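A.B. asks: With the numbering used here, letter number 28 in the sequence shown gets 28, and the count goes up by one each step, no holes. Shown below is the structure under consideration.
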Amino acid sequence: EVQDKGPAWPVQVPHDLQAWRLRGHCGRLLRAEGPAILILPRQKGLPYSFYHGRTGIVFNVNSNALGVEMTKIIGNRRLRKRIHVRIEHVRKSRCAESFLRRVKENDQKKRDARLQGKSIVYKRVPQGPKEMKIVKAKPEDVEVLAPLPFVENYF
Numbered sequence: 001e002v003q004d005k006g007p008a009w010p011v012q013v014p015h016d017l018q019a020w021r022l023r024g025h026c027g028r029l030l031r032a033e034g035p036a037i038l039i040l041p042r043q044k045g046l047p048y049s050f051y052h053g054r055t056g057i058v059f060n061v062n063s064n065a066l067g068v069e070m071t072k073i074i075g076n077r078r079l080r081k082r083i084h085v086r087i088e089h090v091r092k093s094r095c096a097e098s099f100l101r102r103v104k105e106n107d108q109k110k111r112d113a114r115l116q117g118k119s120i121v122y123k124r125v126p127q128g129p130k131e132m133k134i135v136k137a138k139p140e141d142v143e144v145l146a147p148l149p150f151v152e153n154y155f
């Protein structure tokens with residue numbers, strides 16, 4: 001009694017349905033990547049290996065693919081390259097999350113300040129130096145570090 005374990009290579013895998021939920025619109029930041037294991041249906045529309053893991057901006061939307069504009073350093077210049085990648089091979093980039101969160105917080109601060117009639121500074125302030133503290137130690141616990149005296153030896 002031999003059980004049929006399904007077809008041998010190539011295994012037909014359904015499309016990544018989560019990826020198809022991604023709505024690409026012009027100006028959105030996306031990251032191009034390929035699947036971990038290359039299976040024949042997923043090889044279509046793969047970006048060239050240089051572009052895997054790179055972030056780019058959508059400039060075109062088609063039924064199955066997205067046009068993504070990325071920068072590539074060639075020699076001493078940065079060129080903008082435009083490639084089309086299938087939807088399965090792009091992910092939403094998280095590179096601007098903190099910036100967008102800050103924008104929302106600042107908008108809320110603006111509204112609150114307007115209601116109170118105050119003016120606020122929206123710029124980020126550096127953390128600055130740590131607070132001063134006094135270190136107490138016994139004189140015998142203190143060790144002075146100094147270089148060894150130079151001795152001129154002629155052998």
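Cβ coordinates follow ideal geometry from the N, Cα and C atoms, glycine included. Small disclaimer: the values here were computed from a predicted structure and weren't measured.
(1) What do you get for I83, buried or exposed, if any count of 16 or more other CB atoms within 10 angstroms of its CB means buried?
(2) Count the other CB atoms within 10 Å of the CB of H25; is the residue buried (16 or more) or exposed (fewer)?
(3) In whole angstroms, what is the alpha-carbon distance linking T71 and G128?
(4) State the DSSP-derived secondary structure class of V103, mapped to helix, strand or coil.
(5) In the DSSP output, what is R114 paired with across the bridge?
(6) Does Y51 pass the burial test, meaning 16 or more other C-beta atoms within 10 Å, or should it be called exposed?
(7) Could you tell me how far apart the beta carbons of E69 and I57 are, in whole angstroms, since I believe they sit closer than 8 Å?
(8) Among D107, V90 and A137, which one has its Cα closest to the Cα of K123?
(9) Just how far apart, CA to CA, sit I120 and S98?
(10) Under 8 Å, do L145 and K92 count as touching if we go by C-beta distance?
(11) Compare the Cα-Cα distances from G27 to each of P47, K44 and F59 and report the closest residue.
(12) Here's a check: name, in chain order, each residue in its chain whose Cβ is nearer than 7 Å to the Cβ of N153, leaving out the five neighbours to either side.
(13) Buried or exposed for L40, please, with buried defined as at least 16 other CB atoms from any protein chain shown within 10 angstroms of its CB.
C.D. replies: To lay it out plainly:
(1) buried
(2) Exposed, because fewer than 16 other Cβ atoms sit within 10 Å of the Cβ of H25.
(3) Straight-line measurement puts the Cα of G128 at about 35 Å from the Cα of T71.
(4) helix
(5) Answer is none; R114 lacks a bridge partner.
(6) buried
(7) The Cβ separation is near 5 Å, so the contact holds.
(8) D107
(9) 20 Å
(10) no
(11) F59
(12) Closer than 7 Å at the Cβ level, and outside the excluded window around N153, lies no residue.
(13) Model confidence at L40 stands at a pLDDT of 47, short of 50, so the residue's coordinates are unreliable and nothing is read from them.
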